[in-house]
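S.K.:
There are 2 protein chains.
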Amino acid sequence: MKHSVDLLTEAVVRTQNPTCMGLDTRVEYFPEGFFASEKEDAAWLEEASEAIFQYNKALIDGLCDILPAVKVQVAFYEMYGLPGMRAFLRTMQYAKRCGLMVIADVKRGDIGSTAEAYANAFLAGAPAGKGRVSAFETDFVTVNPYLGTDGIKPFTDACREHGKGIFVLVKTSNPSGGELQDLVCGGKPLYEHVAALVDGWGAGQVGESGYSAVGAVVGATYPEQGAALRKLLPHTYFLVPGYGAQGGSGASLAGTFGKKGGGAIVNASRSLLCAHKKQPGTHFVDAARSEALRMKADLLSAVGGSIG
Amino acid sequence: MKHSVDLLTEAVVRTQNPTCMGLDTRVEYFPEGFFASEKEDAAWLEEASEAIFQYNKALIDGLCDILPAVKVQVAFYEMYGLPGMRAFLRTMQYAKRCGLMVIADVKRGDIGSTAEAYANAFLAGAPAGKGRVSAFETDFVTVNPYLGTDGIKPFTDACREHGKGIFVLVKTSNPSGGELQDLVCGGKPLYEHVAALVDGWGAGQVGESGYSAVGAVVGATYPEQGAALRKLLPHTYFLVPGYGAQGGSGASLAGTFGKKGGGAIVNASRSLLCAHKKQPGTHFVDAARSEALRMKADLLSAVGGSIG
Numbered sequence: 004m005k006h007s008v009d010l011l012t013e014a015v016v017r018t019q020n021p022t023c024m025g026l027d028t029r030v031e032y033f034p035e036g037f038f039a040s041e042k043e044d045a046a047w048l049e050e051a052s053e054a055i056f057q058y059n060k061a062l063i064d065g066l067c068d069i070l071p072a073v074k075v076q077v078a079f080y081e082m083y084g085l086p087g088m089r090a091f092l093r094t095m096q097y098a099k100r101c102g103l104m105v106i107a108d109v110k111r112g113d114i115g116s117t118a119e120a121y122a123n124a125f126l127a128g129a130p131a132g133k134g135r136v137s138a139f140e141t142d143f144v145t146v147n148p149y150l151g152t153d154g155i156k157p158f159t160d161a162c163r164e165h166g167k168g169i170f171v172l173v174k175t176s177n178p179s180g181g182e183l184q185d186l187v188c189g190g191k192p193l194y195e196h197v198a199a200l201v202d203g204w205g206a207g208q209v210g211e212s213g214y215s216a217v218g219a220v221v222g223a224t225y226p227e228q229g230a231a232l233r234k235l236l237p238h239t240y241f242l243v244p245g246y247g248a249q250g251g252s253g254a255s256l257a258g259t260f261g262k263k264g265g266g267a268i269v270n271a272s273r274s275l276l277c278a279h280k281k282q283p284g285t286h287f288v289d290a291a292r293s294e295a296l297r298m299k300a301d302l303l304s305a306v307g308g309s310i311g
Numbered sequence: 004m005k006h007s008v009d010l011l012t013e014a015v016v017r018t019q020n021p022t023c024m025g026l027d028t029r030v031e032y033f034p035e036g037f038f039a040s041e042k043e044d045a046a047w048l049e050e051a052s053e054a055i056f057q058y059n060k061a062l063i064d065g066l067c068d069i070l071p072a073v074k075v076q077v078a079f080y081e082m083y084g085l086p087g088m089r090a091f092l093r094t095m096q097y098a099k100r101c102g103l104m105v106i107a108d109v110k111r112g113d114i115g116s117t118a119e120a121y122a123n124a125f126l127a128g129a130p131a132g133k134g135r136v137s138a139f140e141t142d143f144v145t146v147n148p149y150l151g152t153d154g155i156k157p158f159t160d161a162c163r164e165h166g167k168g169i170f171v172l173v174k175t176s177n178p179s180g181g182e183l184q185d186l187v188c189g190g191k192p193l194y195e196h197v198a199a200l201v202d203g204w205g206a207g208q209v210g211e212s213g214y215s216a217v218g219a220v221v222g223a224t225y226p227e228q229g230a231a232l233r234k235l236l237p238h239t240y241f242l243v244p245g246y247g248a249q250g251g252s253g254a255s256l257a258g259t260f261g262k263k264g265g266g267a268i269v270n271a272s273r274s275l276l277c278a279h280k281k282q283p284g285t286h287f288v289d290a291a292r293s294e295a296l297r298m299k300a301d302l303l304s305a306v307g308g309s310i311g
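Pasting the structure below:
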């Protein structure tokens with residue numbers, strides 16, 4: 004069985020593009036005329052959710068040949084209730100059908116028995132009668148480490164049994180991420196303690212790519228810490244949010260990548276989904292594609308021109 | 004506008020019961036004969052989700068006169084996909100209609116723009132055309148502090164504008180919670196740093212009950228730390244998981260309560276939902292009710308016999 008992290012590594016090499024498109028899709032992102040509803044309440048949610056799926060579908064269709072992966076942020080779908088969650092599921096399924104690797108950005112984290120239910124929801128399938136049934140099955144989920152090992156183990160068990168992967172929050176991209184993450188405990192910041200746990204959680208599950216099933220979220224907005232974490236965690240795949248709209252750039256990320264430019268995938272959401280706002284008159288898919296190609300070139304130059 | 008924390012305080016005084024029933028409902032919990040499906044896959048999920056709602060409904064009907072609140076753990080519903088999420092929503096709506104306060108135990112946490120979407124999902128409603136539409140509206144949500152203030156602010160803004168409340172993970176009930184939470188930084192454990200943040204986040208929103216809209220999750224399994232946190236956080240309402248099946252007892256929690264036995268609500272899930280397994284021949288609702296009354300007496304004796 005190939006593990007998600009090996010498949011992701013292959014997809015990045017194939018496309019020569021360490022980018023994932025963050026489908027944090029919101030109606031405010033749509034170009035004029037894409038969506039207008041006169042409905043109210045539940046009917047509005049239905050129509051808006053359908054439009055969000057259609058927007059995602061168009062972007063996936065238009066960019067899937069140049070991208071290895073998408074990341075789908077569940078919050079923007081939960082906000083629209085059950086129709087939103089249906090759009091979340093359809094988006095992940097459609098991306099999968101188009102050959103993309105899929106990261107469900109859900110940042111779940113709870114005590115062991117509850118974490119097992121989350122692992123069932125996203126990675127393992129739920130026990131159902133004689134078999135298992137998939138709820139929101141995906142290749143990777145993001146998880147929160149605050150509850151420690153017993154809250155992570157159900158996810159790593161699911162990774163082992165079902166060939167999946169997780170990304171654990173280590174150093175997040177937001178301005179106040181450091182309030183807790185940078186607190187120094189026993190001579191090193193909290194996020195390095197988390198990094199050490201991540202290394203241990205993944206130790207038994209290093210794939211043929213050289214990376215383990217337990218990855219780390221490392222924000223593009225803190226490139227020095229990213230480079231330091233890369234040295235600490237040679238076998239950990241990094242999911243790097245915060246490029247583009249949040250401020251990260253390709254050159255600053257050189258140290259975040261591993262050997263041969265591998266080991267990291269950089270997420271961009273607003274800069275792709277809203278690219279049309281900076282390219283008046285251009286269709287939103289074409290605008291996203293040209294921005295994705297610009298970003299690909301920017302990241303490739305940071306890793307010396309090629310990956311793998 | 005009454006805030007959720009004031010309404011919860013009133014409900015606890017009215018029922019003289021600082022307990023919430025944790026609806027972490029799973030098919031394994033059902034008594035024999037309650038649910039059997041020959042269906043497979045999606046149809047099984049539909050039937051199991053309907054059974055879970057019916058189980059919850061029966062428990063709510065049978066215990067709502069003696070309980071102030073329920074806590075609904077979303078993981079066990081997400082596991083069953085869209086039918087599961089429908090059961091989650093129906094359970095919260097039904098509990099609300101029966102006069103119970105509702106805590107959605109979702110432990111969400113993300114960067115600011117994403118946290119706003121979660122706050123919309125659970126507390127504020129989502130912008131929808133000219134108004135706002137509720138997705139999974141509830142009185143309280145649980146949130147994770149790992150991303151710091153900008154990940155919490157959208158929730159506290161929603162609390163202020165919509166009279167809602169949150170419970171921030173401070174010291175969790177699980178065995179490995181201490182791996183990160185107990186790390187000592189600057190002379191005190193990480194969870195006390197989180198406690199100080201919680202105090203600040205709630206400072207402007209102390210209601211007539213004397214408690215703020217920003218509560219804390221403090222596990223029953225660490226009663227000494229609970230008592231220490233109570234002294235540090237006189238205006239913070241505590242949500243206390245881990246009673247019963249996880250090991251906490253009433254007497255040990257005396258120090259976790261505030262003045263006049265207020266300021267804390269203790270969650271029990273398995274000990275109520277599976278009470279029938281220890282009371283053979285008793286209907287599951289009657290078994291849960293008698294266990295809830297035993298637990299009420301246990302907690303009341305810990306606070307000196309009455310609350311408020």
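One line per chain: the protein sequences are P and L, in this order.
Heads up: the first sequence begins at 4 in the numbering used here, then just goes up one per residue.
Heads up: the second sequence begins at 4 in the numbering used here, then just goes up one per residue.
For every residue, glycine included, the Cβ atom is placed at its ideal position computed from N, Cα and C.
It should be emphasised that the depicted structure is a prediction, and the values quoted were computed from it without experimental measurement.
1) For L:Gln76, which residues in chain P fall below 9 Å Cβ to Cβ?
2) Could you spell out the range, first to last residue, of the alpha helix (DSSP H) harbouring P:Ile155?
3) Considering only residues of the same chain and omitting the five flanking positions on each side of P:Asp185, which have a CB-CB separation below 8 Å?
4) How many whole angstroms separate the CB atoms of L:Lys110 and P:Gly112, which I take to be in contact at a CB cut-off of 8 Å?
5) For P:Thr239, which option in P:Gly250, P:Trp204, P:Asp160 has the closest C-alpha, if you only look at C-alpha atoms?
6) In angstroms with no decimal places, state the Cα-to-Cα distance between L:Ala107 and P:Val16.
7) Output, in sequence order along the chain, the residues in the segment 186–207 of chain P whose CB is closer than 8 Å to any CB in chain L.
8) Where does L:Phe79 fall in DSSP's three states?
9) Keeping to the same chain, check which residues put their C-beta closer than 6 Å to that of P:Ala330; ignore five residues upstream and five downstream.
10) Could you give the DSSP three-state label for L:Tyr97: helix, strand or coil?
11) Taking 8 Å as the threshold, find out whether the segment 71–90 of chain L comes into contact with the segment 120–134 of chain P through three or more Cβ pairs.
12) Measure from the C-beta of L:Ala98 to each C-beta in chain P and report whether the shortest distance is under 8 Å.
13) Relative to the C-alpha of L:Leu26, which residue among L:Ile310, L:Leu276, L:Lys281 is closest?
14) Can P:Phe143 be considered in contact with the ligand ADP, in the sense that its beta carbon sits closer than 7 Å to one or more heavy atoms?
15) Considering only C-alpha positions, which residue in the set P:Asn147, P:His279, P:Met24 is nearest to P:Val220?
16) Please return the same chain residues whose Cβ sits closer than 8 Å to the Cβ of L:Gly151, not counting the five positions on each side in sequence.
17) Do L:Val73 and L:Ser212 have their CB atoms nearer than 8 Å?
18) Less than 8 Å between the CB atoms is what I'm expecting for L:Asn20 and L:Lys299, so what's the real figure, rounded?
19) Identify every residue that forms a DSSP beta bridge with L:Cys188.
20) Rounding to the nearest angstrom, what Cα-Cα distance links P:Gly84 and P:Gly189 in this structure?
21) Can you list the residues of chain P that L:Gly180 reaches, using a CB-CB cut of under 7 Å?
22) Counting C-beta neighbours from all protein chains within 10 Å, is the total for P:Ala309 16 or more, i.e. buried, or is it exposed?
23) What are the boundary residues of the alpha helix (DSSP H) that includes P:Met298?
24) Taking 8 Å as the CB-CB limit, is P:Lys110 close to chain L?
25) Quick one: using the 10 Å Cβ neighbour count with 16 as the cut-off for buried, is L:Ser293 buried or exposed?
26) Let's test the definition: count the other Cβ atoms within 10 Å of the Cβ of P:His6 and tell me whether it reaches 16, buried, or not, exposed.
27) In chain P, which residues lie less than 9 Å from L:Asn59 when you measure between Cβ atoms?
28) Is L:Arg29 helix, strand or coil by DSSP?
29) How far does the beta strand (DSSP E) with L:Gly168 in it extend, from its first residue to its last?
30) Determine the burial state of P:Arg297: buried for a count of at least 16 other Cβ atoms within 10 Å of its Cβ, exposed for fewer.
31) Residues in the same chain with beta-carbon distance under 7 Å from L:Pro34, minus the five sequence neighbours each way, listed in chain order, please.
32) Select from the segment 20–46 of chain P all residues with a C-beta closer than 9 Å to any C-beta belonging to chain A, and list them in chain order.
33) Going by DSSP, what residue range makes up the alpha helix (DSSP H) through P:Leu242?
34) Give a yes or no on whether the C-beta atoms belonging to L:Thr159 and L:Val105 are separated by under 8 Å.
35) Identify whether P:Gly181 lies in helix, strand or coil by the three-state DSSP scheme.
36) Would you kindly work out how many angstroms separate the C-alpha atoms of P:Phe139 and L:Val306, rounded to a whole number?
M.R.: Based on what the coordinates show:
1) Here residue 76 of chain L corresponds to residue number 73 of the second sequence, with the count starting at 1. The answer, in chain order, is Asp113, Thr117, Ala120.
2) Your numbering for residue 155 of chain P matches position 152 in the first sequence. Run containing P:Ile155: 152–165, per the alpha helix (DSSP H) assignment.
3) Along the first sequence, one-based indexing puts residue 185 of chain P at 182. The answer, listed in chain order, is Pro192, Leu193, Tyr194.
4) In the second sequence, residue 110 of chain L corresponds to position 107, counting from 1. In the first sequence, residue 112 of chain P corresponds to position 109, counting from 1. The C-beta distance from L:Lys110 to P:Gly112 rounds to 6 Å, short enough to meet the 8 Å contact threshold.
5) Counting from one through the first sequence, the residue named residue 239 of chain P turns up at place 236. Minimum Cα distance to P:Thr239 is reached at P:Trp204.
6) In the second sequence, residue 107 of chain L corresponds to position 104, counting from 1. In the first sequence, residue 16 of chain P corresponds to position 13, counting from 1. Between L:Ala107 and P:Val16, the C-alpha separation is close to 42 Å.
7) The segment 186–207 of chain P vs chain L, Cβ under 8 Å: Leu186, Val187, Cys188, Gly189, Leu193, His196, Val197, Leu200.
8) Mapped onto the second sequence, residue 79 of chain L falls at position 76. In this structure, DSSP gives L:Phe79 a helical state, which the three-state scheme calls helix.
9) Nothing about residue 330 of chain P can be read from this structure; chain P reaches only from 4 to 311.
10) Working through the second sequence from its first residue, we reach residue 97 of chain L at position 94. In the structure shown, L:Tyr97 sits in a helix (DSSP, three-state: H, G or I).
11) Yes, they touch.
12) Counting from 1 along the second sequence, the entry for residue 98 of chain L is found at position 95. Not an interface residue.
13) Reading the second sequence from its first residue, position 23 is the one you call residue 26 of chain L. Checking every option, the nearest Cα to that of L:Leu26 belongs to L:Leu276.
14) This structure does not include the ligand ADP; it has no bound ligands of any sort.
15) Taking the first sequence and counting its residues from 1, one reaches residue 220 of chain P at position 217. Checking every option, the nearest Cα to that of P:Val220 belongs to P:Asn147.
16) The residue given as residue 151 of chain L occupies position 148 in the second sequence. Leu200.
17) If you number the second sequence from 1, residue 73 of chain L lands on position 70. If you number the second sequence from 1, residue 212 of chain L lands on position 209. Result no, Cβ atoms of L:Val73 and L:Ser212 do not sit closer than 8 Å.
18) Position 17 of the second sequence holds residue 20 of chain L. Position 296 of the second sequence holds residue 299 of chain L. For a cut-off of 8 Å, the C-beta gap from L:Asn20 to L:Lys299 is around 4 Å, short enough to register as a contact.
19) Against the second sequence, residue 188 of chain L aligns to sequence position 185. Looking at the DSSP assignment, L:Cys188 forms a beta bridge with P:Cys188, L:Lys191.
20) Within the first sequence, the letter at position 81 stands for residue 84 of chain P. Within the first sequence, the letter at position 186 stands for residue 189 of chain P. If you take the alpha carbons of P:Gly84 and P:Gly189, they lie about 44 Å apart.
21) Locating residue 180 of chain L in the second sequence gives position 177, where the first residue counts as 1. Going along chain P in sequence order, the residues near L:Gly180 (Cβ under 7 Å) are Leu150, Gly151.
22) Residue 309 of chain P sits at position 306 when you count from the first residue of the first sequence. The residue asked about is misnamed: residue 309 of chain P is Ser in this sequence, not Ala. Around the Cβ of P:Ser309, a 10 Å sphere holds fewer than 16 other Cβ atoms; the residue is exposed.
23) Along the first sequence, one-based indexing puts residue 298 of chain P at 295. Following the DSSP letters along the chain, one finds P:Met298 inside the alpha helix (DSSP H) bounded by residues 287–305.
24) Within the first sequence, residue 110 of chain P is the residue found at index 107, counting from 1. It does: the Cβ of P:Lys110 has a partner Cβ on chain L nearer than 8 Å.
25) The residue you call residue 293 of chain L lines up with position 290 of the second sequence. Under this definition L:Ser293 is an exposed residue.
26) Residue numbering aside, residue 6 of chain P sits at position 3 when the first sequence is read from its first letter. P:His6 is buried by the Cβ-count criterion.
27) Taking the first residue of the second sequence as 1, we reach residue 59 of chain L at position 56. Here the premise fails: no neighbours, minimum Cβ distance about 16 Å.
28) Indexing the second sequence from 1 puts residue 29 of chain L at position 26. The answer is coil: DSSP assigns L:Arg29 none of H, G, I, E or B.
29) Your numbering for residue 168 of chain L matches position 165 in the second sequence. Taken as a continuous stretch (DSSP letters only), the beta strand (DSSP E) holding L:Gly168 covers 168–174.
30) As a first step, residue 297 of chain P is located in the first sequence; it is residue number 294 there, counting from the start. Only exposed fits P:Arg297, as fewer than 16 other CB atoms lie within 10 angstroms of its CB.
31) Locating residue 34 of chain L in the second sequence gives position 31, where the first residue counts as 1. So the list reads His279, Phe287, once near-sequence residues are dropped.
32) The displayed structure is made up of protein chains P and L, and chain A is not among them.
33) Translated into positions along the first sequence, residue 242 of chain P becomes position 239. Looking at the DSSP string, P:Leu242 is not in any alpha helix (DSSP H); the run it does join, the beta strand (DSSP E), is 241–243.
34) By 1-based counting over the second sequence, the position of residue 159 of chain L is 156. By 1-based counting over the second sequence, the position of residue 105 of chain L is 102. Contact annotation: L:Thr159 and L:Val105 have beta-carbon atoms that are not nearer than 8 Å.
35) Here residue 181 of chain P refers to the residue found at position 178 of the first sequence. Of the three classes helix, strand and coil, the one that applies to P:Gly181 here is helix, per DSSP.
36) Position 136 of the first sequence, counting from 1, holds the residue named residue 139 of chain P. Position 303 of the second sequence, counting from 1, holds the residue named residue 306 of chain L. One C-alpha to the other measures close to 44 Å.
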